[in-house]
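Just so we're aligned, residue 0 is where the sequence shown starts under numbering that gives the first Met the number 0, counting upward by one. Backbone N, C-alpha and C fix where the C-beta goes; we use that ideal spot for every residue, glycine too. Quick caveat: nothing in here was measured; it's all calculated off a predicted structure. Data block below; observations after.
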Amino acid sequence: MKVIKHYEFAIAEQDEMLQIWGEYLERSKKNPEKYPKYIAGPFIVAQTSEMMKGVSIMEIDNDEQLVNYILDLSPPLKAKFELLYDSSSYIPIYMERKNKS
0 MKVIKHYEFA IAEQDEMLQI WGEYLERSKK NPEKYPKYIA GPFIVAQTSE MMKGVSIMEI
60 DNDEQLVNYI LDLSPPLKAK FELLYDSSSY IPIYMERKNK S
């Protein structure tokens with residue numbers, strides 16, 4: 000499944016976050032089947048704040064990948080995942096349901 004990940008971490012914790020991120024990249028490179036695949040990003044949202052915020056689009060094949068991601072990066076990373084689906088699959092299903100009404 001594809002998800003959009005909204006993430007944030009405190010600017011005060013960016014050194015720790017970068018250290019953890021580097022370790023995560025090494026682990027995910029050695030065992031890519033155990034981690035989500037990045038499709039786009041991570042991107043940082045341009046803003047001034049005490050928090051660094053951003054988004055990514057990821058492909059997650061199973062629960063283990065999501066759990067490994069969360070356990071490896073949290074804390075200091077806070078993340079929210081939203082399911083994405085191809086809108087081309089929505090239209091035929093919608094039309095079929097509409098025609099049955």
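Asked: Please work out which residues of its chain come closer than 7 Å, Cβ to Cβ, to Glu58, disregarding the five sequence neighbours upstream and downstream, and give them in chain order.; Found: Lys1, Pro35, Lys36, Ile38
Asked: Would you report the Cα separation of Thr3 and Asn61, rounded to the nearest angstrom?; Found: For the record, residue 3 in the displayed sequence is Ile; it is not Thr. If you take the alpha carbons of Ile3 and Asn61, they lie about 15 Å apart.
Asked: Is it a yes or a no for the region 26-34 touching the region 73-87, going by three-plus beta-carbon pairs under 8 Å?; Found: no
Asked: Determine the closest residue to Ser48 out of Leu17, Gln13, Gln64, with distance taken between C-alpha atoms.; Found: Gln13
Asked: Using the rule of at least 16 other Cβ atoms within 10 Å of the residue's Cβ for burial, across every protein chain shown, is Leu24 buried or exposed?; Found: exposed
Asked: Count the other CB atoms, across all protein chains shown, that sit within 10 Å of the CB of Leu65; report buried if there are 16 or more and exposed otherwise.; Found: buried
Asked: Below 8 Å on the Cβ atoms is my contact criterion, and I expect Tyr6 with Leu70 to pass it. Report the Cβ-Cβ distance as a whole number of Å.; Found: Actually they do not touch by this definition, with Cβ atoms about 15 Å apart.
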